[in-house]
Amino acid sequence: IIHKTDELLEKKVGVKPDAFRAPGLAVDKNTYKALLKEGIWVDSSIIYTYPGTRGSPRWIFHHKIVEVPIACYTKWIYEHGQPVRPKFLCSFADDLFVRPKIKEGKPWEALENLEKGFMQYYRHGKPGRPTVFVVLFHEPYTANPKYWWIIFDFVKFAKKHKGVVFATIDDVARAFVHGQKFTAF
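Per my numbering, the very first residue in the sequence shown carries number -4; after that it's consecutive.
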């Protein structure tokens, strides 16, 4: 499937993908082997929730793939002082992932959630050692033009903060490979 998708994207867009996000965020060693075979060296399918693991890319799978983790709204960790277990993540994802919440709540709640998550990551950044804030947007909602204002307003909000840079996952991974240090928290 990965090979066919890569071929299709290259044919339609003119660029072969070198980054990946797994459907349902489900990856295993066989997925990583398939990615490497296709020349994909960047993944963004993992959510790190333990203190000291959020906000920073890292090498995975025998130092062959750069993982740029998805941002996790860690209110639970700060309020309860304990890490979130995967079972808990699956049960209460709406409160933990930094993503728009439109289906269950009101559209403006999506913007509030993004802003809270962003501020959590922004507070931990240091000069020369940024944190990486990767937002998990769901296509059924954010591909709908009536919700684009959420993205535009979030970008305006983030741009008001000193030192904020918008980059692709590839840009972040390349900076990491070339020695850029990131702050994990």
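For glycine and all other residues, C-beta sits at the position ideal for the given N, C-alpha and C.
Since the model is a prediction, treat every value here as computed from it, not as a measurement.
Which of helix, strand or coil DSSP assigns to residue i
{"i": "residue 15", "result": "strand"}
{"i": "residue 62", "result": "strand"}
{"i": "residue 121", "result": "strand"}
{"i": "residue 38", "result": "strand"}
{"i": "residue 49", "result": "coil"}
{"i": "residue 145", "result": "helix"}
Of the listed residues the options, nearest to residue i (C-alpha basis)
{"i": "residue 43", "options": "109, 66 and 58", "result": "66"}
{"i": "residue 113", "options": "144, 40 and 49", "result": "49"}
{"i": "residue 193", "options": "1, 33 and 126", "result": "This structure cannot settle anything about residue 193, because the visible part of the chain is limited to -4 through 180."}
{"i": "residue 24", "options": "59, 130 and 139", "result": "59"}
CB-CB length for residue i against residue j, believed under 8 Å
{"i": "residue 61", "j": "residue 36", "result": "6 Å"}
{"i": "residue 168", "j": "residue 8", "result": "Rounded, the Cβ-Cβ distance is 19 Å, inconsistent with contact."}
Through-space distance from residue j to residue i, alpha-carbon basis
{"i": "residue 53", "j": "residue 14", "result": "14 Å"}
{"i": "residue 4", "j": "residue -2", "result": "10 Å"}
{"i": "residue 128", "j": "residue 105", "result": "16 Å"}
{"i": "residue 57", "j": "residue 12", "result": "21 Å"}
{"i": "residue 164", "j": "residue 39", "result": "8 Å"}
> Are three or more beta carbon pairs between the stretch 115 to 129 and the stretch 173 to 180 nearer than 8 Å?
Replying inline: yes
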